[in-house]
Amino acid sequence: MRGAHDLRLVAPAVTAWAAAWSATSAPDAGVPSWVAPLVGWCVASVALGAVLTLRHGRRGDRRRRVDHGGPGPAPVLRAAAAVLLAASAAGLVATAAWSALEHRAPGVVAEAASSRTEVRASVRLDAAPRRASATPWSGEPRLRAAATLVDLTIDGARTAVPPIRVDLALPGDVDGLGFGSAVVVEGRLAELPSSSRAAFRLSASKIVGTGPAPPWFAWTHPLREGLAEASAGLGGDGGALVPGLAIGDTSRVSDELESAMTTASLTHLTAVSGANCAIITAAAFWAAGLASLPRTGRVVAALVALGGFVALVTPEASVVRASAMAIVVLTACATARAAGGMHALGLAVVALLALDPWYAADAGFALSVCATGGLVLLSRPLATALGRWMPPPIAAVVAIPLAAQLACQPVLVLLEPVIPVYGVPANLLAAPAAPIATMAGLLGCLLLPVLPSVGLAALQVAWVPATWIALLARGVEGMPFAGLPWPPDAVGAVLATIAIGAGLVLACGPRRAVSRTWRAVRRASVVALGLSVALPVGLATGPPLLASASRPADWDVWQCDVGQGDAILVRSGDAVMLVDAGPDAEALQDCLASAGVDRLDLVVLTHWDADHVTGTSALAGRVATVVHGPLDGARSARALEPLVDAGATHAEVVAGATGTMGDARWRVFWPRPGAVPGNDASVVLDLVTPEYRALFLGDLGREAQDAMRRSTELGRVDLVKVAHHGSADQSAELYGELAASVGLIGVGADNGYGHPTASVLDALESARTVPVRSDVSGDALLRAMPGGFELWSERVVGVAGAP
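Oh and the sequence shown: position 739 is 739 in the UniProt record's numbering, straight run, nothing missing.
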């Protein structure tokens, strides 16, 4: 029947996906990699036997049906054939995974990795490098990129190796590298789990040399560089977005704009997606039609255009995936029926998983498949349903982003447990602008080398819709309730699936109940939709409302839960001080908002590790004065410049420096003059208020702690900020001398470093100091009172010690 959905390849695609995931993950659980393909082919063999047996018996079955009117084995035959097809797809993909796993870690390479031998490696980049921090406690920039190892030298001996995927970590001071670049490095290898697409991580300590991309690809570099340079001159958010909308280059998109795009569910516009590829191929198909080329010629022209576009935007794994999904959408359009689209989608899933089984755990792959399936299956029913409330042309336009958003939402919840409330309206408003920006930007990119003025004019045209998209993203981010918190992990995904499914039944089903069964389905859908929405909304809004209602307004010290890092607010009189800014600007911003703090009279940055200063980006324009330890080049500049540029004054302090904050007096006990930047040069601040005394230790290590004890009369304090998140590098004698009532420990849940360590907790217990851990308490508020500190947190209320 024309227009009906032919879902026969859905089951093979799903089983192939499950087989790929299990085959690549099984070795991590100690299961041999050959188990998955063996199971798949065994099931396929049984199904094949059933099919052959049933087909052989059909002639006699026909005679029986003539003689006795029996139903025959046709339904069973169809079921066996379906099992055969699904099991064969699973066996094919599992076999591909087994083969890849068997050859991904040659013995000599695995031995070099296990022995941590220094090697010289030649690699070819499979993606443009992206900036990342080396470690959570280091601000040193690093570059990360997917790459293929092509040559290896161990202990001076060159070793022949097959191409091996590696996760490459490079020093952050190298430029000019892109997809296809050749890089020779010295470093160490570490073997990765089988579930990782890369077989090894290659941490480079030194770059020996670099080389150009292969000739078939090198021609695209000048085009991309020219587009980036020309777009930089356009200015504003629009200029930053044009390269992303045209060729997926987001290198100039700021963190703030990226966050706004995420809130508005518009990030897919700056990533090369199936929609981009579909625009290119459709344009080529249309242009070939104007040239009166036959259908075969138009198909060839579209494929050539797609190949050129893939080369231009770099054929990374995500781009290859997007181009395959674009072919799916075009197939659906070319066949003018949904069945063609689902057939193509099923084939594309199986083919891509056979080529690269690690797509099974790739969130981008899941989103591409869901979005494509949503467009094929849901856009028409949604347009029909919306057509009851609005003109059909408008309903058809609204249905497209709505179908993609609904299909992707369960996967998006797994990535970030937030429902973008305005995602569909934002995509609807951006829909007319995105194709114009893409085509004009791409046209400008191609014309700049030959007709610079015409190319620049095209980019200026692209700047207009790009600016509109940026304004839209920032506008949505500033709207109330832009993101609805949702339960995380599998529970959240299941609830989202139930809510979406029930909503689709109610919206797209018959308006009037046509049978008793359908009436029951509608009633069940109403109940399912109500519960699946009410439960997450209640969980999201209930605890914050209760916390806000019970939170004391007259707090003295507020330890912010910012993960693995420190950020502590101290209030005295009308003044507020912040000690360190933590590793997460958004978490710090949330904490300041909860505390009702808009202005900080004093900020103390104890040292320059990222887990103490990254959050300073949330403080620009709010700070009067910053005091800090010895400067550390680029690391300290990155933290201070946004604050100073917004009007803050700053001063380096050493032992003996003093000042006031509200009704409190502060004094610096450490570091000594001339200290070398680092943990042991942390600013140690002694704060004396009319109600209590507190000591903040930064990340000071044991030797520096003991040196401070010898040079300073410390005495007893009421509150201590435990050094270095409760690491083992501590002086138990220091905590015994301080004898604090409360010890604040800024530490992330499941942090992987073992913080706080048993030794420091034992030292605190011996000193009769009650630990207040942010991983246990969340945000923790302390109020000094005659009988002790009153402690309020998201999980605990009580009294700790006595001031």
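All C-beta atoms, glycine included, are put in the ideal place defined by N, C-alpha and C.
For clarity, every value in this text was computed on a predicted model and none was experimentally measured.
- Within the DSSP secondary-structure output, P771 pairs in a beta bridge with G743.
- DSSP places V476 in the uninterrupted alpha helix (DSSP H) bounded by P452 to E477.
- With at least 16 other beta carbons inside 10 angstroms of its own, G374 counts as buried.
- W98 is the residue among A585, A13 and W98 whose C-alpha sits nearest the C-alpha of T24.
- One thing to note: A204 has its Cβ within 8 Å of the Cβ of L170.
- For W558, the enclosing beta strand (DSSP E) starts and ends at V557 to Q559.
- Judged by beta-carbon spacing, A199 lies beyond the 8 Å limit of I247, meaning their Cβ atoms are not closer than that value.
- Annotation for L402: the continuous alpha helix (DSSP H) segment containing it runs P392 to L415.
- Taking 3 residues as the shortest admissible run, the segment 590-628 contains the following complete beta strand (DSSP E) segments, listed from N- to C-terminal end: 600-605 and 623-628.
- No residue range can be given for W486, since it is assigned to no beta strand (DSSP E) and is classified by DSSP as neither H nor E.
- Closest in alpha carbon position to D151, among R131, R120, D175 and A145, is R120.
- Under the 8 Å Cβ criterion, the segment 397-409 counts as touching the segment 419-435, having at least three qualifying pairs.
- Between the beta-carbon of L168 and that of A147 there is about 4 Å, and that keeps the pair under the 8 Å contact cut.
- Counting along the chain, the unbroken alpha helix (DSSP H) around H103 starts and ends at A74 to H103.
- With contacts defined as CB atoms closer than 8 Å, P630 and A681 qualify as a contacting pair.
- If only complete runs of 4 or more residues are kept, the segment 201-273 shows the alpha helix (DSSP H) at 215-218, 220-232, 236-247 and 255-263, in order along the chain.
- Ranked by how close their Cα comes to the Cα of S231, the residues T497, F789, L459 and V491 have L459 in first place.
- Proximity to L202 across I498, D598, L293 and A110 peaks at A110, based on C-alpha coordinates.
- In this structure, A90 sits near G40, with a CB-CB distance shorter than 8 Å.
- Distance from R672 to V688 at the Cβ level is roughly 22 Å; contact not present, criterion being Cβ atoms closer than 8 Å.
- By DSSP's assignment, R693 forms a beta bridge with V688.
- The Cβ-Cβ distance between V684 and L695 falls below 8 Å.
- In terms of Cβ geometry, P243 and D237 do not form a close pair [threshold 8 Å].
- DSSP places L7 in no alpha helix (DSSP H); its state is neither H nor E.
- Distance from the CA of A639 to the CA of H628, rounded to the nearest whole angstrom, comes to 11 Å.
- The Cβ atoms of P315 and A96 do not sit closer than 8 Å to each other.
- Taking every protein chain shown into account, the CB of M479 has fewer than 16 other CB atoms within 10 angstroms, so this residue is exposed.
- Looking at the backbone, the Cα of N751 and that of G726 are separated by about 12 Å.
- Between the alpha carbons of A784 and D126 lies a gap of roughly 58 Å.
- When the alpha-carbon of R523 is set against those of G503, G187, V742 and V43, the nearest one is in G503.
- A residue is called buried when at least 16 other Cβ atoms come within 10 angstroms of its Cβ; W219 does not meet this threshold and is exposed.
- Taking all protein chains shown into account, A29 has fewer than 16 neighbouring C-beta atoms within 10 Å of its C-beta and is therefore exposed.
- Looking at the DSSP output, M577 bridges to V570 and L602.
- Closest option to V494, judged by alpha-carbon separation, among L412, G444, A344 and Q559: L412.
- For E765, the enclosing alpha helix (DSSP H) has its first and last residue at A758 to S766.
- Assigned with DSSP and collapsed to three states, F285 falls in helix.
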